[in-house]
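To start, the structure under review is shown below, and the notes come after it.
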Amino acid sequence: MNVLQVSAEIFPLLKTGGLADIAGALPAALQSVGCQVRVVLPGFPAILADLADSWILAELTAPWGERLQVRQGRLRTLNLDAYIIDLPHLYARAGSPYEDAWRQPYADNHRRFALLSWVAAQLAHGLDPHWQPQVVHSHDWHAGLTSAYMAFMPHSSLRVATVFTIHNLAYQGVFSPACFYELGLPHEAFAVNGVEFYGQVSFMKAGLYYADHITTVSPTYAREIQTPQQGCGFDGLLRTRSRALSGILNAVDDAVWNPATDHHLTSPYDVQDMTGKALCKAALQQELGLTVQADAPLFGVVSRLTDQKGLHLVLGALDAILARGGQLVLLGTGEAHLEALFKARAAQHSHAVSVRIGYDEAYAHRIFSATDVTLVPSQFEPCGLTQMYGLKYGSLPLVHRVGGLADTVVDCSLENMAEGRANGFVFDDFNLQALERAMARAFALYARKSEWKKVRAFGMRQDLGWQSAARLYAALYQHLYA
Ligand code: ADP
Ligand code: GLC
């Protein structure tokens with residue numbers, strides 16, 4: 295089965311969030327279950343720089359008249375065949391792939407990402423005479439137009455199935471109707487049964503409407519997005535498509551996230567010998583100027599600082615954490631007001647709270663290794679990866695019971711403990727009281743060292759690898775293509 299994956303990001307070349315981790319891990323996972331995978335990506339500088347042995351596969355004219363090249367080659371770091379859209383005018387910009395230095399979306403984002411889908415559709419339609427995808431698998435709104443373009447291509451005898459994965463329904467790729475006429479889609483596509491969304495164009499909707507099958511990144515989120523509360527305006531459409539919608543839980547790339555082999559850690563460790571974790575904790579406390587204290591429960595947050603992530607609850611609970619002798623370390627970047635609030639708290643309590651604003655992959659690994667608890671109190675969470683990284687690194691996740699967090703974390707209630715299923719702390723109501731109760735359970739368990747260690751070891755031993763998800767995707771492709 296030949297599969298073309300379409301995404302805007304790919305770890306480790308370009309990452310702003312979990313999408314990149316998944317786009318980076320999925321090709322190898324699919325290859326291990328017998329798929330042939332290639333990727334198509336925008337020619338962002340970091341991606342072009344990694345492309346080896348490349349040549350120009352095609353020179354094309356975008357729907358709005360701009361000339362571009364499609365380069366074919368191999369991504370060195372990932373050892374992966376790739377098609378890259380080479381158009382520096384659109385992609386060679388420093389900083390975030392989506393926003394300018396003032397955090398404003400680029401005014402030509404509709405072109406920059408329509409082009410990704412448009413080129414994917416050309417590849418589906420035979421652009422490469424030596425390789426024909428049988429399935430085109432697009433991710434998130436950036437690649438949402440792929441199946442729309444494919445739906446309107448001249449009919450050919452080739453059958454190519456389309457899969458669209460929602461990583462986050464809240465980001466919908468909405469543009470003014472004026473943009474529609476640059477996209478090269480026929481007039482009839484601008485309709486309720488098409489890409490139109492409340493009078494505007496939504497790239498996300500294109501994926502939801504035109505793809506043969508929609509997946510999202512956890513079974514619970516697949517159900518939640520069919521409700522008005524979590525459907526972000528798409529719940530009606532998703533309900534009508536419910537038979538073509540499924541949840542496949544994300545997984546963890548063990549080559550990147552494994553405390554025994556992680557080169558970012560000064561003292562690697564595994565579940566048999568946790569000495570290294572204690573050393574990682576002491577080293578981080580020391581480095582950050584926190585009180586170096588082995589038995590102070592250390593809470594960690596590695597997150598985009600947005601409302602989605604529920605971090606105002608962490609701010610609210612901070613006094614309770616400190617009063618009980620806990621410490622907090624946070625790494626994140628995002629909304630200015632959250633950055634300022636966290637920095638202010640760190641300044642007040644520099645021996646117990648450390649806040650680093652920025653994006654730092656290596657430091658994120660060190661936080662999971664050093665902390666006892668990983669906090670993920672998200673208001674909504676399609677899957678969430680950091681709670682799984684926490685599990686692998688022996689940092690028990692404390693989460694709100696939504697989306698993929700509900701599918702991966704089992705609360706340390708007495709009955710779950712007795713059944714040997716507990717791996718973290720879960721709260722139901724999205725409010726400070728509920729979070730503080732879960733935190734109280736975390737402190738209580740932390741005080742019972744042997745039980746804490748048992749739960750931690752269970753979490754570390756859990757199979758969070760890609761095998762099961764890769765098989766589910768492969769079975770889906772087979773089903774669609776058959
Ligand atoms: P989302 O994709 O919604 O941001 P996920 O939990 O799925 O949430 O994935 C977040 C990914 O981004 C994880 O790999 C996490 O470690 C990483 N990450 C988030 N913020 C930072 C940061 N400031 N520095 C380094 N890595 C970060
Ligand atoms: C999105 C979601 C997150 C998910 C990630 C990878 O960014 O917010 O929950 O884990 O995509 O699928």
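Residues in the sequence shown are numbered consecutively from 295, following our numbering. Beta carbons: idealized from backbone N, C-alpha and C, even for Gly. For clarity, every value in this text was computed on a predicted model and none was experimentally measured.
Residue i to residue j span [Cα, whole Å]
{"i": "Ala-562", "j": "Ala-588", "result": "The sequence given here places Pro at residue 562; Ala does not occur at that position. Whole-angstrom Cα-Cα distance: 17 angstroms."}
{"i": "Ala-319", "j": "His-433", "result": "13 angstroms"}
{"i": "Gln-466", "j": "Cys-526", "result": "9 angstroms"}
{"i": "Thr-668", "j": "Gln-621", "result": "12 angstroms"}
{"i": "Ala-418", "j": "Phe-446", "result": "12 angstroms"}
{"i": "Leu-384", "j": "Asn-373", "result": "26 angstroms"}
{"i": "Arg-715", "j": "Val-608", "result": "26 angstroms"}
{"i": "Ile-519", "j": "Leu-690", "result": "27 angstroms"}
{"i": "Val-546", "j": "Ala-317", "result": "12 angstroms"}
{"i": "Gly-311", "j": "Val-670", "result": "14 angstroms"}
{"i": "Gln-642", "j": "Gln-524", "result": "37 angstroms"}
{"i": "Glu-655", "j": "Ala-314", "result": "12 angstroms"}
{"i": "Val-327", "j": "Glu-581", "result": "43 angstroms"}
{"i": "Asp-722", "j": "Met-295", "result": "42 angstroms"}
{"i": "Thr-459", "j": "Thr-509", "result": "5 angstroms"}
{"i": "Leu-635", "j": "Asp-422", "result": "52 angstroms"}
{"i": "Phe-662", "j": "Val-596", "result": "8 angstroms"}
{"i": "Asp-601", "j": "Gly-678", "result": "15 angstroms"}
Classification of residue i by the beta-carbon crowding that lies within 10 angstroms, buried from 16 upward
{"i": "Gly-530", "result": "exposed"}
{"i": "Arg-735", "result": "buried"}
{"i": "Glu-675", "result": "buried"}
{"i": "Glu-303", "result": "buried"}
{"i": "Ala-516", "result": "buried"}
{"i": "Ser-441", "result": "buried"}
{"i": "Arg-660", "result": "buried"}
{"i": "Thr-521", "result": "exposed"}
{"i": "Arg-742", "result": "exposed"}
{"i": "Ser-470", "result": "exposed"}
{"i": "His-424", "result": "exposed"}
{"i": "Ser-536", "result": "exposed"}
{"i": "Ser-672", "result": "buried"}
{"i": "Gly-697", "result": "buried"}
{"i": "Lys-603", "result": "buried"}
{"i": "Gln-398", "result": "exposed"}
{"i": "Ser-411", "result": "buried"}
{"i": "Asp-567", "result": "exposed"}
{"i": "Thr-534", "result": "exposed"}
{"i": "Tyr-475", "result": "exposed"}
{"i": "Ala-638", "result": "exposed"}
{"i": "Pro-336", "result": "buried"}
{"i": "Pro-321", "result": "buried"}
{"i": "Leu-452", "result": "exposed"}
{"i": "Leu-692", "result": "buried"}
{"i": "Ile-378", "result": "buried"}
{"i": "Arg-755", "result": "exposed"}
Distance CB(residue i)-CB(residue j) smaller than 8 angstroms
{"i": "Asp-705", "j": "Phe-719", "result": "yes"}
{"i": "Ala-763", "j": "Asn-544", "result": "yes"}
{"i": "Leu-369", "j": "Asp-347", "result": "no"}
{"i": "Leu-782", "j": "Val-749", "result": "Past the edges of the chain, shown from 295 to 776, lies residue 782, and the structure says nothing about it."}
{"i": "Val-647", "j": "Leu-578", "result": "no"}
{"i": "Val-454", "j": "Gln-428", "result": "yes"}
{"i": "Thr-680", "j": "Ile-651", "result": "no"}
{"i": "Arg-332", "j": "Leu-307", "result": "no"}
{"i": "Pro-391", "j": "Phe-305", "result": "no"}
{"i": "Tyr-564", "j": "Ala-554", "result": "Looking at the sequence shown, residue 564 is not Tyr but Asp. Yes, they are a contact pair."}
{"i": "Leu-632", "j": "Ala-658", "result": "no"}
{"i": "Phe-528", "j": "Leu-612", "result": "no"}
{"i": "Leu-342", "j": "Glu-360", "result": "no"}
{"i": "Pro-448", "j": "Asp-701", "result": "no"}
{"i": "His-461", "j": "Val-413", "result": "no"}
{"i": "Phe-497", "j": "Trp-435", "result": "yes"}
{"i": "Val-586", "j": "Ala-572", "result": "no"}
Whole-number beta carbon distance between residue j and residue i, since they are thought to touch under 8 angstroms
{"i": "Val-468", "j": "Val-495", "result": "7 angstroms"}
{"i": "Ile-261", "j": "Leu-685", "result": "Past the edges of the chain, shown from 295 to 776, lies residue 261, and the structure says nothing about it."}
{"i": "Gly-501", "j": "Pro-357", "result": "In fact, because the Cβ distance is near 18 angstroms, the residues do not count as touching under 8 angstroms."}
{"i": "Ser-301", "j": "Ala-437", "result": "6 angstroms"}
{"i": "Ala-768", "j": "Cys-329", "result": "6 angstroms"}
{"i": "Ala-408", "j": "Leu-439", "result": "6 angstroms"}
{"i": "Leu-665", "j": "Leu-605", "result": "It should be noted that the sequence gives Thr, not Leu, for residue 665. Actually they do not touch by this definition, with Cβ atoms about 16 angstroms apart."}
{"i": "His-645", "j": "Leu-708", "result": "So it is not a contact: roughly 35 angstroms between Cβ atoms."}
{"i": "Leu-774", "j": "His-507", "result": "6 angstroms"}
{"i": "Leu-354", "j": "Gln-416", "result": "7 angstroms"}
query: Which full runs of the beta strand (DSSP E) of 3+ residues lie inside the segment 560-630, going along the chain?
result: Taking only runs of at least 3 residues, the beta strand (DSSP E) segments lying wholly in the segment 560-630 are 592-599, 621-628.
message: For a minimum of 4 consecutive residues, which ranges assigned as the alpha helix (DSSP H) are wholly contained in the segment 495-526?
response: Within the segment 495-526, the complete alpha helix (DSSP H) runs of at least 4 residues are 497-504, 513-518.
task: Any chance you could list the beta strand (DSSP E) runs of at least 3 consecutive residues sitting entirely within the segment 648-702, in chain order?
output: 667-670, 690-694, all fully within the segment 648-702.
- prompt: Where in the segment 370-435 do unbroken runs of the beta strand (DSSP E), each at least 3 residues long, occur, reported from the N-terminal end onward?
  reply: Secondary structure remark: continuous beta strand (DSSP E) runs of at least 3 residues inside the segment 370-435, in chain order: 374-380, 429-433.
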